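Protein chains in written order, with our numbering: chain A, 1 to 634; chain B, 1001 to 1277.
The beta carbon of each residue, even a glycine, is placed where N, CA and C say it ideally should be.
These numbers were taken from a predicted model, which means no experiment stands behind them.
Working notes, beginning with the structure itself.
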């Protein structure tokens, strides 16, 4: 009966969902999206664990029915439902694929519209302090191009909610029960966010100077406060599903809403998403600036968009640098919560995907560095540092290659015989985490060095202790590189796993020391520096493609890590308390995930193009037909 | 327009390149557990041991941690003679468990891994007093008694040891099924309605004498109401390791905060507050 009702109820949404899927499949030719089976034929290695073992003829162990004793006592405690496969509505298309696409699109735009107001507020503040209207205009333009993003976020959010309630009614019923009135708070915050957004954007010129500017900045602050509160509330649903808290072992709520929200992974995810959103937002608006730069012929406009692209790249890369550290914290908390979950992510079937992550982060770092090196052509003072760029490039490429080296490969019998084992004697050791930790830290340090050189390229220090400062900086770099390599080699290869993990923290701290030392030394050393002229717009066109590579890699990376975050729950909707018995309760292959990620990335790209187009449309004005005709006749 | 096509082409090309990388990697699919019925008529000890082998490497997820050095995060029990290892640990003076032989030791380490932690493999900072291993009969692993027996059989047999676990019988399976239904395992336990019920439910009286100052495991609580305020009592239950009574080990379970209902906690606190000797 329940099944019939479910199918009947979704009749309207079914057509829309199917049309949507067909459209998507036609556009991108990814027919396997609709397939529940993501297998890869001959090369596929299937891990098929046994579920419950029982004797033939005996009943299965009952775990879900409400015990009579509890019913009699009319208790308030309600265990998580355990739906069977037939309880999931079947609309003929993979439910997970639909939710995956909608959820990821919602997250992309959510990240963008949360991040943009954040750095817009900071840029506006810089404009107030420097009294330079260019900052204020750029901040306004950033808001303008992201404005449609709020509506797109809401459209995908609404569609996602609808899809979830239709396709996973038991799960959503349970989550509604657990989070209760928090959902209303979440919905209510959208009113606040919309209010502050529109007043902030449309009031920009009306509240531009004097005390009114501070009113405007306050509105921006409140816009960000509502946005961030929305984010952390939504994060609590995701982290509850990964590491439930405030419920007992069968999912019955025993704590208050704060205990439910404040699970062990909540704050690590909050921090990670907060930082990642800024990097992502910076990268996306950077692509806008690059596009406008390439399209513009007017040198003034090219200079403006060059500067805008530089600022966006600065935001993206600077926010990106601490991201691995937030990632370390998140993974450490995952391990602390459940070693099993941690190893599933890092050492189980999902481990391969970190090779893809390495390719993506490598792309981001190479693109970011390339853009900085290209940008040095804006100033004549950059000649001093050109020799170092080759060294940085070498470090980046070698580290990148180490990072993407897999530990094991699929080998034929003859290849194994040739290698005398399943691991190559040189590449094998490079495939494990200690080598990759060294590589990633060196890449971060090299990127910071590029950034530092770029910042120095239009300045000449005038303080008397400048040679000493430079020597100190060089010593910090050398010390850090030696320390990172020593920690990785000694603790990674000559002690057990516990020390290996511990040493990675020390490596991260070393990298942070370099970044902080560099910022402190440079800010003191170049305080009253002689500034050389910068020629905005004097940058090769090819450099702008780095600004396209960044958002594409960021978008792909976000979707990839979303796949990992969700997959570590394995066959659980809510880890350990509510099983996923749907037809899609397996971890799909990396190839299938790759298709899905490409699909959402391309969809996002198209939506962003629409967003930019709409933003520019507002500045266009059609000439009056009569005037055109008159002009023609004349 | 050419800029649009160039930038779009570049972006799509890069996206497809990333997709290509995913196809160069092994295509591994993580299946959810599926039910498997065992036919008693055809079940032999060999197939039972093979079943244990399969569970150890798949559903049990044992090999996530139990791997050879340097990758292992737990002893390499797959690579060592488990029976000999069990006997060695039983002889260790640090061993405080209840097992008397290898089979009991393996079972105990599966169901109560914290009873004995192999030196060097405890939770970080616990000085080998806490085990990082999950209890295998609880979620997310949730092995059934038959599955646990199969794993023990395989661990005993893999290095040529004698298998002491008996093959499952129809009666035993029926008992498992009925016990699981009768004791409501896996269901929400009913909240206690009185303080006495709550004390019994959380087994407080197993370690604390309520009507005397006799020391069982923890201190007697006959006059606890005169020594601690309600707030302190509440803290000592919710966060027992915040203040540990002098001369006692920090042995009280730290997870009552997530298990007790608010009303149960208040009933226990009020009950104890009235115990003034």
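| Item | Value |
| --- | --- |
| Those runs of the alpha helix (DSSP H) which lie wholly inside the segment 262 to 310 of chain A and span at least 4 residues | 266 to 295 |
| Through-space distance from residue 1195 of chain B to residue 1267 of chain B, alpha-carbon basis | 5 Å |
| Start-to-end residues for the beta strand (DSSP E) that takes in residue 1038 of chain B | 1034 to 1038 |
| Where residue 258 of chain A falls, given that 16 or more other Cβ within 10 Å makes a residue buried | exposed |
| DSSP-derived helix/strand/coil call for residue 26 of chain A | Residue confidence for residue 26 of chain A is low, a pLDDT of 38 falling below 50, so the modelled location carries little weight; the figure read from the coordinates is stated next. Residue state, collapsed to three classes: helix. |
| First and last residue of the uninterrupted alpha helix (DSSP H) at residue 613 of chain A | 590 to 617 |
| Proximal chain B residues relative to residue 344 of chain A, where beta-carbon distance stays under 9 Å | 1030, 1061 and 1064 |
| Terminal residues of the alpha helix (DSSP H) in which residue 436 of chain A lies | 433 to 456 |
| Stretch-stretch touch, CB-based, cutoff 8 Å, three pairs: the segment 555 to 574 of chain A with the segment 1026 to 1033 of chain B | yes |
| Residue 1165 of chain B, DSSP secondary structure in three states | coil |
| Reference residue 198 of chain A, options A:222, A:180 and A:177, closest by Cα | A:222 |
| Whole-angstrom distance between residue 1091 of chain B and residue 236 of chain A, CA atom to CA atom | 47 Å |
| Contacting residues, own chain, Cβ-Cβ under 7 Å from residue 521 of chain A (five flanking each side not counted) | 469, 472 and 473 |
| Start-to-end residues for the beta strand (DSSP E) that takes in residue 1029 of chain B | 1028 to 1030 |
| C-beta contact flag for residue 162 of chain A and residue 99 of chain A at 8 Å | no |
| Residue 1011 of chain B at chain A interface by Cβ criterion, 8 Å | yes |
| Residue 1276 of chain B at chain A interface by Cβ criterion, 8 Å | no |
| Pairwise C-alpha distance: residue 247 of chain A and residue 80 of chain A | 9 Å |
| Nearest-angstrom Cα separation, counted from residue 555 of chain A out to residue 261 of chain A | 27 Å |
| Residues within the segment 380 to 409 of chain A neighbouring chain B, beta-carbon criterion of under 7 Å | none |
| Top-ranked residue by Cα proximity to residue 478 of chain A, from A:449, A:132, A:574 and A:108 | A:449 |
| Entirely enclosed alpha helix (DSSP H) segments - the segment 127 to 207 of chain A, minimum 4 residues | 133 to 167, 169 to 179 and 182 to 202 |
| Closer than 8 Å to chain B by CB, residue 269 of chain A | no |
| Touching by the beta-carbon criterion (3+ pairs, under 8 Å), the segment 389 to 396 of chain A and the segment 590 to 597 of chain A | no |
| Span separating the alpha-carbon of residue 375 of chain A from that of residue 366 of chain A | 14 Å |
| Proximal residues of chain A, C-beta to C-beta of residue 1202 of chain B below 7 Å | Here the premise fails: no neighbours, minimum Cβ distance about 12 Å. |
| Length of the line joining the Cα atoms of residue 168 of chain A and residue 564 of chain A | 20 Å |
| Per DSSP, the bridge partner or partners of residue 253 of chain A | A:247 |
| Beta-carbon neighbours of residue 356 of chain A, restricted to chain B and to distances below 9 Å | 1018, 1021, 1022 and 1025 |
| Contact set for residue 540 of chain A: own chain, Cβ-Cβ below 8 Å, skip 5 residues either direction | 374 and 377 |
| Where the beta strand (DSSP E) containing residue 574 of chain A begins and where it ends | 572 to 574 |
| CB contact below 8 Å: residue 594 of chain A versus chain B | yes |
| Extent of the continuous alpha helix (DSSP H) run through residue 1148 of chain B | 1145 to 1157 |
| Classification of residue 1005 of chain B by the beta-carbon crowding that lies within 10 angstroms, buried from 16 upward | exposed |
| Residues near residue 372 of chain A in its chain [Cβ-Cβ closer than 7 Å; skip 5 each side] | 450, 451 and 454 |
| DSSP three-state assignment for residue 1244 of chain B, whether helix, strand or coil | coil |
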